[in-house]
Ligand code: NAD
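Residue numbers (UniProt numbering): 1 to 334.
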């Protein structure tokens with residue numbers, strides 16, 4: 001029976017993963033280690049606390065003594081904890097290097113000491129940098145453009161080096177952009193949905209030509225679980241397969257779902273080093289661990305928008321607004 005330590009389990013993707021893995025009969029215990037930064041919310045785990053298998057520890061992955069103690073009680077690690085927002089990394093790169101690189105190394109040192117049997121390091125397709133044509137495979141060079149992606153690339157390489165050097169059975173997953181309920185409204189999909197709900201304009205960078213692959217968070221979590229169970233140590237697995245869209249096309253989908261028009265969109269200057277296109281080949285994960293994303297984009301987006309409409313108490317405090325909280329718009333049927 002697996003005893004799994006999940007770092008960052010109170011964040012967006014981590015909380016979905018915890019709810020999923022608690023349902024597995026062969027999982028005896030799940031411990032969430034999370035510092036509850038601005039991005040972590042204990043409420044994200046919600047009904048998961050009904051499970052006697054779940055334990056929550058508020059703490060930092062950089063706390064060597066705490067990490068050592070937790071590692072000694074677990075057989076597997078799924079490592080989500082990170083500073084995850086690109087825009088913040090422009091002005092606070094130090095926090096990204098500290099958490100994403102040193103934090104990962106702290107976990108790996110403890111995993112080495114305690115003979116951890118599985119270690120999944122959760123990463124991103126942004127480590128490949130811009131892919132103007134074709135798709136990035138796991139063998140493609142890492143050319144991160146922004147400090148967030150560079151810190152993740154560094155942590156991927158550190159993690160893989162612990163497999164080579166110390167035999168820690170590390171697998172790395174690199175997924176495309178996730179969306180779904182409980183994502184911080186600093187990220188584009190919840191940002192646009194919550195701005196439209198407040199009667200404000202969605203703010204589209206540049207001319208909206210950047211291409212991203214949008215993967216439902218549940219599909220990513222299914223992929224992470226598949227890699228946890230069947231991944232080969234020392235290997236990297238791309239997890240994509242959602243829908244490729246320009247940010248303009250994504251905006252069109254969101255407007256449609258929210259019953260809004262292009263009059264509710266404001267173009268703003270492009271952000272720094274905004275990679276023109278990401279694209280990953282995920283056939284290795286399909287062939288080796290049976291990964292198969294299933295969620296339809298429009299259904300997933302509608303469900304996501306509905307979640308934000310029903311949960312203003314969750315996101316309102318996270319949205320900085322100079323005015324008092326406005327009355328919410330009610331979405332019209334799309
Ligand atoms: P998130 O920002 O929603 O959650 C991060 C969690 O980590 C939060 O709960 C936070 O409190 C916790 N945390 C941060 N620093 C910590 C520390 N020092 N010690 C302990 N806990 C700490 O992030 P997310 O979107 O859920 O992403 C999770 C992982 O997936 C990250 O590693 C990210 O790089 C990766 N990823 C995200 C996406 C995406 O689209 N969101 C895509 C690909 C990969």
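Quick reminder that beta carbons are idealized off the backbone N, C-alpha and C, glycines included. Quick caveat, the model's predicted, so the values are computed rather than measured.
If the five residues before and after residue 12 are omitted, its C-beta is found closer than 6 Å to the C-beta atoms of 182, 183, all from its own chain and listed in chain order. Distances taken from the Cβ of residue 93 to the heavy atoms of the ligand NAD include none shorter than 6 Å. Around the beta carbon of residue 17, 16 or more other beta carbons lie within 10 angstroms, which makes this residue buried. Membership of residue 304 in the alpha helix (DSSP H) is indicated by the continuous run 297 to 310. Where residue 80 is concerned, there is no enclosing alpha helix (DSSP H), because DSSP gives it neither an H nor an E. Rounded to the nearest angstrom, the gap between the Cα atoms of residue 97 and residue 61 is 13 Å. With 16 or more other Cβ atoms inside 10 Å of its own Cβ, residue 19 counts as buried. Distance from the CA of residue 210 to the CA of residue 292, rounded to the nearest whole angstrom, comes to 25 Å.
Beta-bridge annotation (DSSP): residue 200 is not paired with any residue.
Within 6 Å of the C-beta of residue 99 there is at least one heavy atom belonging to the ligand NAD.
Looking only at 307, 127, 147, the smallest Cα-Cα distance to residue 138 is reached by 127. The beta-bridge partner set that DSSP reports for residue 121 consists of 79, 172.
Under the rule that a run must span 4 or more residues, the alpha helix (DSSP H) segments found entirely inside the region 91 to 158 read 93 to 96, 104 to 113. For residue 57, no alpha helix (DSSP H) encloses it; the enclosing beta strand (DSSP E) starts and ends at 54 to 58. Within its own chain, the residues whose Cβ lies closer than 8 Å to the Cβ of residue 266, once the five positions on either side in sequence are excluded, are 201, 202, 203, 204, listed in chain order. Put simply, of 167, 278, 70 the residue whose alpha carbon is nearest the alpha carbon of residue 235 is 167. Assignment of beta-bridge partners to residue 267 by DSSP yields 204.
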